[in-house]
Amino acid sequence: MNVAQLRLHRRLRRWGAFLVLCTMLGVYLQAAFGDSGVKPIRYESKSELKFDHSKHPQPCADCHGQATTSQTSSDDLGPSMQACATCHAAIKPTLDECSACHVNATNASTPVKTEAEWLAVRPAPFMTPRIKPDIRFSHRQHFDASIPCKTCHAGADPGLPKMQVCVDCHAQTTAPQTCETCHTTNVTPQIKAATYPVKVGARSSLKPDNHQVDWMKRHGTIALTNGEDCMSCHQEPQCASCHTAQVGETYAVHPPNFVTIHAVDARMEETNCTTCHSTQNFCTACHVRAEVTTRPDARPPSRVAFHPPGFVDPRTPDNHGVMARRNIVDCASCHSENDCVTCHTGINPHPADFRVDCRRWLDANPRPCAKCHEDPGGLREQCL
Amino acid sequence: MRIRGDITAIVLILAFAVSEAAVAQTIKVQSSSLARLSQMRRIDGSIDATRAFTQRVRLSVFDATGTNDGRLNLHLSFRFSNDFGLVDRLKDDDVADMYWNQAVVDEAYLQWRPFERINVRAGRFLRLDALGPRDIDGLSLQLDPSLGKGVSGRIEVWAGQDVFFESSPLSGDAWDIQGVPEDSQAGSADWSVSGGMRAGIHHRSAGVELAWLRRVYGDPDGEYLGEERIGAAMYGQITPDLNVASRASYHTILADVDRASLLVAWRTGASTPTLSLGLERIVPWFDSGSIFNLFGAQPYEGGWFKLSQPVAALNSEFDVRTFGRIYEGDQDLVDFGNGSSDATTWGVGVGHDTKFKLLDYPFTWRSVGTYSDSIDDAYGGARALIQSLLSVEAIRDLFIQTRGLWLWANPSNERYSTGTGVTGTLGVEWRTELGRLSAVVESSQTTFQGGNLQAFLSFDVEAWP
Chain A
13 MNVAQLRLHR RLRRWGAFLV LCTMLGVYLQ AAFGDSGVKP IRYESKSELK
63 FDHSKHPQPC ADCHGQATTS QTSSDDLGPS MQACATCHAA IKPTLDECSA
113 CHVNATNAST PVKTEAEWLA VRPAPFMTPR IKPDIRFSHR QHFDASIPCK
163 TCHAGADPGL PKMQVCVDCH AQTTAPQTCE TCHTTNVTPQ IKAATYPVKV
213 GARSSLKPDN HQVDWMKRHG TIALTNGEDC MSCHQEPQCA SCHTAQVGET
263 YAVHPPNFVT IHAVDARMEE TNCTTCHSTQ NFCTACHVRA EVTTRPDARP
313 PSRVAFHPPG FVDPRTPDNH GVMARRNIVD CASCHSENDC VTCHTGINPH
363 PADFRVDCRR WLDANPRPCA KCHEDPGGLR EQCL
Chain B
5 MRIRGDITAI VLILAFAVSE AAVAQTIKVQ SSSLARLSQM RRIDGSIDAT
55 RAFTQRVRLS VFDATGTNDG RLNLHLSFRF SNDFGLVDRL KDDDVADMYW
105 NQAVVDEAYL QWRPFERINV RAGRFLRLDA LGPRDIDGLS LQLDPSLGKG
155 VSGRIEVWAG QDVFFESSPL SGDAWDIQGV PEDSQAGSAD WSVSGGMRAG
205 IHHRSAGVEL AWLRRVYGDP DGEYLGEERI GAAMYGQITP DLNVASRASY
255 HTILADVDRA SLLVAWRTGA STPTLSLGLE RIVPWFDSGS IFNLFGAQPY
305 EGGWFKLSQP VAALNSEFDV RTFGRIYEGD QDLVDFGNGS SDATTWGVGV
355 GHDTKFKLLD YPFTWRSVGT YSDSIDDAYG GARALIQSLL SVEAIRDLFI
405 QTRGLWLWAN PSNERYSTGT GVTGTLGVEW RTELGRLSAV VESSQTTFQG
455 GNLQAFLSFD VEAWP
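Going line by line, the protein sequences match chains A and B. FYI, the numbering for the first sequence is 13 to 396, going by our numbering. FYI, the numbering for the second sequence is 5 to 469, going by our numbering.
Below you can see the structure in the form of C-alpha cells.
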C-alpha cells in the first residue's frame, strides 16, 4: 500500500467513523423519543381494567379481531374500547358506568349514549402485560393451522401462555423446535433468570442435556464441530460478549488487569491467545504503544533489557534459537522478520533436518526463501 | 479497498431496514458504548494514558421478506473506536493507528434459506468448522440433508477472503508477518482467496465433521499457497455423564499434524466428583510466507486434569487441578551445540465456587490458586497466582463485584529478581429497563512494572424501531 492509498484509506475511515456516530445518535434518539422506543426488559402489569372473560362467551375474534391477521408479537391485540360498545350500548353495564370496567374511575359526568359520542371518547391507553417484542410470533400462522385460541390462552382468565405451552405443543407436532423459531435475542442466561417474565417449567428447561459435566471446557470443540446447533439459541455476538467482561458477571476469560499478567499466560498458552487475537497485529500494536518494542524510534532505555545474558550465544542452553523454535509467537510480538534477517546474514538459521522439508515449502511459497537467498529457484537442488 | 465495501454494506442494510417495505419484520438494534481510562506505567517509568471510547452497533433484520418464517435475515455489526490519549507520533503509525479513529465492520451478511434445508450466507460473517473460527468476506452454501430419524448431515462449500480484525484493511497474507508493509516481497500480493468445504454427520448428542481449506494469494509474478489444512472434529455424549470431544488438523505444507486435542469429562452422579482430562499437541506455524517457519518450530504436548466435587452442605463446589507441558527438544541440534533437550513445565491448582447468603443478600464467591514451575532450570521459573471474586446483588438489578489477584514470579534466570503483583477491582452494574450501565475501577501494584490504574464505563441499550 503506497502513501496515496494510505491517505485514501484514512479518509474513508473517517467517513466511516462519521457514519457510525450518526447511526449511534439515531439509535439513541429512537430509543429516547421514538414511538416504539426502547422496550423495557421487563413489563410490569399496569392494567387498570376490571374484566371477567368467563362472563363473555362470545368468540374471541369478536373482540380480538386483529389476532387473526397479526404477524408480529409486538402487535397490540387488545380490543379498542369502542369494541365494547357493540354490546354494552344496550346491555348492562352500560357505557356511562365507567367504574364498572375502569379501576378508580367515576361514572361519566356526561353520559355517552350515541355511537358518535362514543367514538369520540379517547381515553388514555392502558398497559397490559404484553409479550416481549423479541419474540417472533405469528397469530395468523397459528390461526391458519386451525389451532383454537384456548390451546394457548386457556383458563378462566386467559393471559399470555407460559413457554411450557409452546414447547409442549411444538414437541408434539412438526413445528420447528429451535430457540430461534421464536426468539430473536441473545439475552444472557443471567438476565433471563433475573428478569424474564415467563418462567420455564422444570421439564422444559432449555438448557440442553450436553451443557453439563464441565461444559465450559468442552464447548469450544463442540461449537467448531456443530456450530449450527449453538446458533439455534445463540447469536455470534454472544461468543464475544461472553469472552469479554461484564462488570456484574464473571470475567469469563481474562481476569481484571490482564495486561499485568498476560505474559505469564501468553508463554504458557499462546495458541489460546491466537484463537481470538491476531498476534502479529494485536500484540505488536500494544507493544509499540507501551514501547516494549524493537523499533528504533521507541527503543526502551538502554538500562532495560528483556533477554537474559547469553541470549545470542548458541552455547547457552536457553539461547534465542532454542526459544524461537519453542515459541516463535513470543518473538513475533516484538520482532519483525527483518530483525532475524539482519543478524542471520551468513549464519544458517535452519534446523538440521531442514533439507528434508525445504522442497515442499519452496514449492508452496518461495517468498520467505527470497529474504536471504537471491535465487530461490536454484535452492531446489540442495533439498533432499 | 475493502473499507468502501464496508460503508456500502452499512448504507444498503440500513436503507433496507428503514424502508417502508419492512412491515412484518422484526428489527433489533443493539448499542454498546464503552469508555476506558487508564494510567499505565511503562517499563522505562513513563506513563501511557488511555482515553478510549468505543461505540458498537448491531442491527438485525429478521424475516426481511415479511413472511415471518425466518427465511431471510440480515445482520450488520460495526464499531467505532478512538483513543484520545494516543500520542501524536503514533496516530499515523501503520501498526498503532488501530487505536486512532478506527471504524470496523464486524459483520455484514444476509442469511437466506430458499428451501428448508439450504442455507446461504453472503457478506462478512463468522465461520466455524473443525479447523477453527474464521471471519471471511465471501459466500457460503450449506446443505443440511436429513439422513433418517434423528440423524442429520451437513455439507458446506465456501469461498472468500480472510478478515483479520485489529489489522489493516488488507488481508494479513498480503502483509509482512508483523502486519507492516515493509519492504518484504509478501507485501506485494495483489489478491488473496480462501476456500474450502466441510461435511459432517450428527446424531443427537454426537457428531463428527471433516473440513478442508486452502488459501492462496498472488501477484503478476505468481500464485502462492499460504495455507492448506485438513481437519476433523468430533464430540459425543456416550452417557449423560460421560462426554468426549476431540479435534485435529493436518497441515499439508508442514506435512504434520499442527494441532490435536482430546477432552474427556466424566461425572459419576449428581453429587459425586466430576473428572475432566485434556490432552493437546501443538506445532506453532505461521503463513507460508513467513520466514519464522524456517527456523524449525518444535511441537509441544500438554495435558491437564481436574477433579471437582460438589458439597451440598456448603453450597459449594471444590476442585483440584494439575497441568503440564513438554516442549520437544532436538537432540541432533544439542549434539551440534545449538539446540535444546526436552523441557517440562508443570502446575497444580485448587479452587472453589460458593454461593451463600449474608443478611439475606445472595453472594457468589469464587477463588482459585495455582502454582507452576519448570523441571529444568533453563526454562521459565516458578509462578504462583491467587485470585478471588465476590459478587452480590445488593438491591434488585444492582450488582456489585470485587476481585483480587496476587501474582508471585521467581524467574529461573539469575538476571531477574523475584517479583510480586497485586490487583484489586471494584465493579458496579445496574440493569435498568432502559439499558445496562456498568462501571469498574482497577488498581494494580507490582514490583516489576510499577503501578497502574484503569476505569471502565459502559452502557448497553436495545431499540426496536
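In this text, a Cβ means the ideal position worked out from N, Cα and C, and glycines have one as well.
Query: Is there a C-beta anywhere in chain C that falls below 8 Å from the one on D369 of chain A?; Result: Given the protein chain composition of this structure (A and B), no chain C is represented.
Query: If you compare alpha carbons, which of B:Q391, B:V161, B:E397 and B:G355 is closest to T368 of chain B?; Result: B:E397
Query: What's the C-alpha gap between D139 of chain B and Q146 of chain B?; Result: 17 Å
Query: What residue range does the beta strand (DSSP E) around Q165 of chain B cover?; Result: V155 to D166
Query: What does DSSP give as the partner residues of N77 of chain B in its beta bridges?; Result: B:Q115
Query: Strictly by DSSP, which residues pair up with D133 of chain B?; Result: B:G136
Query: When DSSP labels each residue in this structure, what does D92 of chain B get in the three-state scheme?; Result: helix
Query: Based on the DSSP output, what are the partners of M243 of chain A in its beta bridges?; Result: DSSP output for M243 of chain A lists no bridge partner at all.
Query: With DSSP as the reference, please indicate the residues paired to W308 of chain B in a beta bridge.; Result: B:G282 and B:F327
Query: In chain order, what residues of the same chain have a beta carbon less than 8 Å from the beta carbon of D401 of chain B, not counting five sequence neighbours either side?; Result: W434, R435 and T436
Query: Taking the C-alpha atoms as reference points, what is the distance between H76 of chain A and H151 of chain A?; Result: 11 Å
Query: Can you tell me the Cβ-Cβ gap for L38 of chain B and F403 of chain B, rounded? I've got them flagged as a contact below 8 Å.; Result: The pair is not a contact, with the Cβ atoms about 18 Å apart (cut-off 8 Å).
Query: Taking Cβ to Cβ, would you say R251 of chain B is nearer than 8 Å to A237 of chain B?; Result: yes
Query: Note the first and the last residue of the continuous beta strand (DSSP E) segment covering M238 of chain B.; Result: G226 to T243
Query: Tell me whether the stretch 334-354 of chain A and the stretch 224-242 of chain B touch, counting them as touching only if at least three CB pairs, one residue from each stretch, are closer than 8 Å.; Result: no
Query: Taking the DSSP output, what are the residues bridged to T368 of chain B?; Result: B:K359 and B:S395
Query: If you run the structure through DSSP and keep just helix, strand and coil, what is A470 of chain B?; Result: A query on residue 470 of chain B cannot be resolved here, the shown segment of chain B reaching from 5 to 469 and no further.
Query: Excluding five sequence neighbours on each side, which residues of the same chain lie with their C-beta closer than 6 Å to the C-beta of F149 of chain A?; Result: S85
Query: Write down the C-beta distance between S416 of chain B and S376 of chain B rounded to the nearest angstrom, noting that I regard them as a contact closer than 8 Å.; Result: S416 of chain B to S376 of chain B, Cβ: 12 Å. No contact.
Query: Would you grab the beta carbon distance between L135 of chain B and A259 of chain B for me? Rounded to a whole angstrom, and I think it's under 8 Å.; Result: 17 Å between Cβ atoms; not a contact.
Query: Run through chain B and tell me which residues come within less than 9 Å of A302 of chain A, C-beta to C-beta.; Result: M44, R46, I47 and D52
Query: Could you give the DSSP three-state label for G127 of chain B: helix, strand or coil?; Result: strand
Query: Classify N350 of chain A as helix, strand or coil using the three-state DSSP reduction.; Result: helix
Query: For P52 of chain A, name the three-state secondary structure that DSSP assigns.; Result: In this prediction, P52 of chain A has a pLDDT of 32, which is less than 50 and means its spatial position is unreliable; nothing more can be read from the coordinates.
Query: Which residue from B:V212, B:Y113, B:A388 and B:L78 puts its Cα closest to that of G127 of chain B?; Result: B:Y113
Query: Looking only at its chain, what residues have a beta carbon closer than 6 Å to the beta carbon of Q458 of chain B, apart from the 5 residues adjacent to it on each side?; Result: S42 and E446
Query: G204 of chain B and G157 of chain B: beta carbons closer than 8 Å?; Result: yes
Query: Just to check, is the beta-carbon of A236 of chain B closer than 7 Å to a non-hydrogen atom of the ligand SAH?; Result: Absence of the ligand SAH is noted for the structure shown, with no ligands found whatsoever.
Query: Who are the near neighbours of Q449 of chain B in its chain, counting only those whose CB is closer than 6 Å to its CB and skipping five residues on each side?; Result: V426 and G455
Query: Apart from the five residues on each side of it in sequence, which residues of its chain come closer than 7 Å, Cβ to Cβ, to D387 of chain A?; Result: none
Query: I'd like to know if T278 of chain B contacts chain A, where contact means its C-beta is closer than 8 Å to some C-beta of that chain.; Result: yes
Query: On the DSSP bridge list, what partners appear for A364 of chain A?; Result: Beta-bridge pairing links A364 of chain A to no other residue.
Query: Grouping DSSP H, G and I as helix and E and B as strand, with all else coil, what is P388 of chain A?; Result: helix
Query: If you compare alpha carbons, which of A:P91, A:P71 and A:S66 is closest to Q78 of chain A?; Result: A:P91
Query: Would you decide whether Y228 of chain B is buried or exposed? Buried here means 16 or more other CB atoms lie within 10 Å of its CB.; Result: buried
Query: May I ask you to list, following chain order, the residues of the stretch 320-333 of chain B that have a beta carbon less than 8 Å from some beta carbon of chain A?; Result: R329 and Y331
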